[in-house]
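In the numbering used here, the protein residues as written are 11 to 198.
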């Protein structure tokens, strides 16, 4: 009942204005029968409400074994794959083939650099790409492990509005190489 209520709230919030429904850790949802069927429906109908459905999962097998792989492949023609050193292994390569990749593309995934390179495929083409993020940006967006996230929160709690400067200092980054902090403070 709670999930059905949430589904209804999400659907009622879609007014036709551009929207993104981001389903992170989609493996959880793909493993739940009610949510899986809702994803199947959303992939087919939310486009009409100007809503993009974006699914992210670290485990390709969850998508492949979800029972809705055909819908995922048809409704999600654009995919971004993470590097996988095990992509050449029989089980993994079979999963990638089921997602529509060929031997050359699987080889690209097997040799791509983790946390730096990504493989994009769509009806418009395919390409291995890198996000050209500078150290300042990476100090914030590349934080994902629990210990580092906790350290970031503690820095924010301890230093208040100056926490980003302190965080960067802790990461060995001089904010003054990127921004005139004093000029910014005078304006605000």
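Cβ coordinates follow ideal geometry from the N, Cα and C atoms, glycine included.
Please report the straight-line C-alpha distance between residue 131 and residue 116, rounded to a whole angstrom.
Locating residue 131 in the chain shown gives position 121, counting from the first residue. Locating residue 116 in the chain shown gives position 106, counting from the first residue. The straight-line gap from Cα to Cα measures roughly 12 Å.
Rounded to a whole number of angstroms, what is the C-alpha to C-alpha distance between residue 31 and residue 64?
Within the chain shown, residue 31 is the residue found at index 21, counting from 1. Within the chain shown, residue 64 is the residue found at index 54, counting from 1. The alpha-carbon atoms of residue 31 and residue 64 are separated by roughly 6 Å.
Let's test the definition: count the other Cβ atoms within 10 Å of the Cβ of residue 165 and tell me whether it reaches 16, buried, or not, exposed.
Walking along the chain shown from the start, residue 165 turns up at place 155. Buried is the call here.
Quick one: complete beta strand (DSSP E) runs, 3+ long, within the segment 104-177?
127-132 and 135-140
When DSSP labels each residue in this structure, what does residue 92 get in the three-state scheme?
For the purposes of this step, residue 92 is taken as the residue at position 82 of the chain shown. In the structure shown, residue 92 sits in coil (DSSP, three-state: anything other than H, G, I, E or B).
Sufficient close CB pairs (3 or more, under 8 Å) joining the segment 120-131 to the segment 155-163
no
Taking its Cβ as the centre, do 16 or more other Cβ atoms sit within 10 Å of residue 91, making it buried, or is it exposed?
Looking up residue 91 in the chain shown gives position 81. By the 10 Å Cβ count, residue 91 comes out buried.
So, for residue 81: in the same chain, excluding its five sequence neighbours on each side, which residues have a beta-carbon less than 6 Å away from its beta-carbon?
Residue mapping note: residue 81 aligns to position 71 of the chain shown, counting from 1. The answer, listed in chain order, is 50 and 53.
Considering only their Cβ atoms, is the gap separating residue 118 from residue 129 smaller than 8 Å?
Position 119 of the chain shown, counting from 1, holds the residue named residue 129. Position 108 of the chain shown, counting from 1, holds the residue named residue 118. Yes, the Cβ-Cβ distance between residue 129 and residue 118 is below 8 Å.
How would you label residue 14, buried or exposed, when you count the other beta carbons within 10 angstroms and need 16 or more for buried?
As a first step, residue 14 is located in the chain shown; it is residue number 4 there, counting from the start. Classification of residue 14: exposed, given that the 10 Å Cβ count is below 16.
Boundaries of the alpha helix (DSSP H) in which residue 30 is found, first to last residue:
Locating residue 30 in the chain shown gives position 20, where the first residue counts as 1. No alpha helix (DSSP H) contains residue 30, which is instead part of the beta strand (DSSP E) from 29-33.
Exposed or buried, residue 141, counting other C-beta atoms within 10 Å across all chains shown (16 or more means buried)?
For this step, residue 141 is matched to residue 131 along the chain shown. Per the 10 Å Cβ criterion, exposed.
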